[in-house]
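Here's the structure we're looking at; comments come further down.
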Amino acid sequence: MFRSSNVAARIFERQIRTPAPGTSVHCARLFYENLVPSHTIYDIECPDHSFRKFTEDGHYLISFSRNNQDLIVYRPRWPSFCCKEENCMHDLPQKAKRFDSFFTELYSVSLASNNELICKDFFLYLGSNHFGVFVTSTAPLHDAPSSGEAVPGIPSIDNITFHLLRLEDGDVLDKKVFHNDFINLSHNMGVFLYDDLLAIVSLRFQTIHILQIRDSGNLVDVRAIGKFCREDDELFLNSNAQYMPVSDQSQLHHSENHVETHAHQNQLYQNSSFLSGIKQRLLSFIFRAVWNQESDDILRVQSLKKKFYFHFQDYVDLIIWKVQFLDRHHLLIKFGSVDGGLLVSRNADQHHAFFAVYNMETTEIVAFYQNSAEELYLFFEMFCDHFHPQSRNSLHMNFISSHSNNIYAFEQLRGIKKKATFTQFVKKMLGSLPFSCQSQSPSPYFDQSLFRYDEKLISAIDRHRQSTDHPIKFITRRQPCTLKFKIKTGPEAGSADGRTKKISSFLFHPFLPLALSIQQTLFSQPSINIHFRK
Numbered sequence: 041m042f043r044s045s046n047v048a049a050r051i052f053e054r055q056i057r058t059p060a061p062g063t064s065v066h067c068a069r070l071f072y073e074n075l076v077p078s079h080t081i082y083d084i085e086c087p088d089h090s091f092r093k094f095t096e097d098g099h100y101l102i103s104f105s106r107n108n109q110d111l112i113v114y115r116p117r118w119p120s121f122c123c124k125e126e127n128c129m130h131d132l133p134q135k136a137k138r139f140d141s142f143f144t145e146l147y148s149v150s151l152a153s154n155n156e157l158i159c160k161d162f163f164l165y166l167g168s169n170h171f172g173v174f175v176t177s178t179a180p181l182h183d184a185p186s187s188g189e190a191v192p193g194i195p196s197i198d199n200i201t202f203h204l205l206r207l208e209d210g211d212v213l214d215k216k217v218f219h220n221d222f223i224n225l226s227h228n229m230g231v232f233l234y235d236d237l238l239a240i241v242s243l244r245f246q247t248i249h250i251l252q253i254r255d256s257g258n259l260v261d262v263r264a265i266g267k268f269c270r271e272d273d274e275l276f277l278n279s280n281a282q283y284m285p286v287s288d289q290s291q292l293h294h295s296e297n298h299v300e301t302h303a304h305q306n307q308l309y310q311n312s313s314f315l316s317g318i319k320q321r322l323l324s325f326i327f328r329a330v331w332n333q334e335s336d337d338i339l340r341v342q343s344l345k346k347k348f349y350f351h352f353q354d355y356v357d358l359i360i361w362k363v364q365f366l367d368r369h370h371l372l373i374k375f376g377s378v379d380g381g382l383l384v385s386r387n388a389d390q391h392h393a394f395f396a397v398y399n400m401e402t403t404e405i406v407a408f409y410q411n412s413a414e415e416l417y418l419f420f421e422m423f424c425d426h427f428h429p430q431s432r433n434s435l436h437m438n439f440i441s442s443h444s445n446n447i448y449a450f451e452q453l454r455g456i457k458k459k460a461t462f463t464q465f466v467k468k469m470l471g472s473l474p475f476s477c478q479s480q481s482p483s484p485y486f487d488q489s490l491f492r493y494d495e496k497l498i499s500a501i502d503r504h505r506q507s508t509d510h511p512i513k514f515i516t517r518r519q520p521c522t523l524k525f526k527i528k529t530g531p532e533a534g535s536a537d538g539r540t541k542k543i544s545s546f547l548f549h550p551f552l553p554l555a556l557s558i559q560q561t562l563f564s565q566p567s568i569n570i571h572f573r574k
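Every position in the sequence shown, counted from 1, becomes a number in this note's numbering once 40 is added.
The following block contains the structure:
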């Protein structure tokens, strides 16, 4: 810890003192108390695009055209200009107040074709290869009829196309298309990226598709978890289906057409009442867990009646809501009712839900919890960072504040715990699981060990928030807790119409003192401000 807040004194102290082992990066991040955005350009001249986010390594700014057809990628750069006067501390020249003074357009690529549109709330970045994953889709059909194995009540989208791009040059390397399916793409909720593995949740067909992103730029199918769990499950069931109608052999062996007989057997298999493979694993785990709670056979039967068979149909009706990787072999799967499958996360604690830890290699359920389970909450409280698995190359993402690595975040958690009953609190906290992939900004200005700010107005989580006419203050944690900088989404004079509801979003660079604030109303063009260190 530096003894002084003066930047020159800190640089000198860094030269003569060695930080404690394992704290060198944290000591270096203390310099962000001195390097803060100090100047704002309001309503800057910029292209009429929808800006999504900075990549986690800070190399690219991702944006989409207003018609959701094109991808436009920018490279952040610092403004440079000439000043003829001796004192250049006054306002910036007009030519420096342009968007292209801060960002250079690298390219524009048309992704959407036919009647598809880019999903502007979805983007995933593979930093090791500078690959980006984007999605285009057709409009959802909300009253789609349930056909085959589709879950009733889930909308249908004719085409959902995943595009793998190399962000260095905009080259489209590969595509993966899903037909007549539904994937929750809002804020990456239905897709999770860990290292080179991509998990995609098909809500309509209750399948978890595991894909691998190769260094060559190919999307390769690894496995599909849902109806089947192992690669040869379908082959095994199809081969055994030929011998299922044994009692009907006497009626069928005189058939003159063997093809019709084989088709009849396949139809019997398709119309059978088999549960899906993942549901079989889940029910087996619950049965064994209840069975092992008692040692006496009579008590076991009574316990099974009360805890398993009484709720059997409820377990059968569960559907997969959301999935995340815990590591390369384990998935955290959230189950719930059909009604709650499309709800946003802020309403998730109002519905009954269950969490299962699934081993992809052994195809076993290794843990199962209800969303009010105290044991799971204790894991979440003590090991929250383990629910945010980061890729090996995600340097900046390793310093995101959580209540398991930051004392100030933990104090906030304790404050929330005091305001509700314990069961409500546990459901509220576990309602955020599984976490959405790459949904938090690694900016050091959101590091709660460095700065204090109002999380109702701004936070590291990638979400739109209701705008306010008051500036958002960033105050240092270090005594004497001075105000370091303010973020305001509009000019000091404020808006002429204070009754208009405004929505704001913030895009912070992962390591530079640079941020975009975007303020928009329902019927007006968005206003974009740039906050930077002058």
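Think of the CB as a built atom: it goes at the ideal place given N, C-alpha and C, for glycine as much as any other residue.
Per DSSP, residue i is paired with what?
i, result
"Y485", "Y485 is not bridged to any residue."
"V212", "L205"
"K374", "K362, F395"
"R270", "In the DSSP output, where bridge partners are listed per residue, R270 has none listed."
"E85", "R138"
"Q559", "S544, S567"
"T516", "F491"
"G576", "Any answer about residue 576 is impossible in this case: the structure gives the chain only from 41 up to 574."
"K93", "I102"
"I248", "V241, I265"
"N199", "H219"
"H79", "F572"
"E145", "Y114"
"L344", "According to DSSP, which records beta bridges pairwise, L344 is partnered with nothing at all."
Name the residue from the options whose alpha carbon lies nearest to the alpha carbon of residue i.
i, options, result
"F181", "F171, H170, G193", "Reading off the sequence, residue 181 comes out as Leu, not Phe. Out of F171, H170, G193, G193 has the C-alpha closest to the C-alpha of L181."
"N154", "D198, D140, K216, T463", "D198"
"I12", "P77, L75, A152, P133", "Past the edges of the chain, shown from 41 to 574, lies residue 12, and the structure says nothing about it."
"S377", "H370, D354, S564", "D354"
"Q478", "L146, F365, R321", "F365"
"R607", "I338, G172, A239, L322", "The chain is shown only over 41 to 574; residue 607 falls outside these bounds and no answer can be derived."
"V262", "L358, S242, D255, I248", "I248"
"F314", "T63, K574, G266, Q252", "G266"
"H66", "P520, K526, L435", "L435"
"I200", "R206, G210, L207, V217", "V217"
"P474", "F525, H428, Q320", "H428"
"I498", "S472, P520, L556, C521", "L556"
"K345", "L132, L358, V330", "V330"
"F419", "K457, A393, L470", "L470"
"S441", "K457, F423, I456, D211", "F423"
"Y234", "L371, N332, D502", "L371"
"F171", "D236, Q109, F514, I359", "D236"
"H89", "F375, V76, Q109", "Q109"
"T14", "I527, F563, L523", "Residue 14 cannot be examined here, being either before or after the span of the chain that is shown, 41 to 574."
"S44", "P520, F350, F394, G62", "P520"
So, for residue i: in the same chain, excluding its five sequence neighbours on each side, which residues have a beta-carbon less than 7 Å away from its beta-carbon?
i, result
"N446", "Q488, S489"
"N297", "In this prediction, N297 scores a pLDDT of 46, lower than 50, which makes its location untrustworthy; the coordinate-derived value is nonetheless stated afterwards. So no residue of the chain qualifies."
"G98", "P116, H549, P550, F551, L552"
"A49", "none"
"M229", "K362, S476"
"Q333", "S343"
Output yes or no for whether 7 Å exceeds the beta carbon distance between residue i and residue j.
i, j, result
"I116", "A136", "Rather than Ile, the amino acid found at residue 116 in this sequence is Pro. Their beta carbons are not under 7 Å apart, which means P116 does not touch A136 by this criterion."
"D425", "S412", "no"
"G317", "F352", "no"
"I543", "Q560", "yes"
"A460", "S481", "no"
"H391", "T80", "no"
"Y100", "L205", "no"
"I84", "I568", "yes"
"H203", "F174", "yes"
Any beta carbon from chain C within less than 7 Å of residue i's own beta carbon?
i, result
"H504", "Among the protein chains of the structure shown there is no chain C, as only one such chain exists."
Leaving out five residues before and five after residue i in sequence, what residues of the same chain have Cβ atoms less than 8 Å from its Cβ?
i, result
"Q25", "Lying outside 41 to 574, the shown extent of the chain, residue 25 is not represented and no answer is given."
"S242", "F218, D221, F222, I223, I248, H249, G266"
"F71", "V47, R50"
"F142", "P116, R117, W118, P119, L554, I570, F572"
By Cβ distance below 6 Å, which residues in the same chain neighbour residue i in space, the five residues on each side in sequence not counted?
i, result
"N258", "D214"
"T176", "L151, A152, E156, I158, T201"
"A231", "Looking at the sequence provided, one finds Val at residue 231 rather than Ala. Excluding residues within five positions, the ones whose Cβ falls inside 6 Å are I240."
"L146", "V113, R115"
"K574", "S78, H79"
Within 8 Å, do at least three Cβ pairs link the region 87-103 to the region 546-562? yes
Counting Cβ pairs closer than 8 Å, one from the region 156-171 and one from the region 221-230, do we hit at least three? yes
Please confirm if the region 452-464 is in contact with the region 508-526, defined as three or more CB-CB distances below 8 Å between the two stretches. no
Would you say the region 317-333 touches the region 402-409, given that touching needs at least three Cβ pairs under 8 Å? yes
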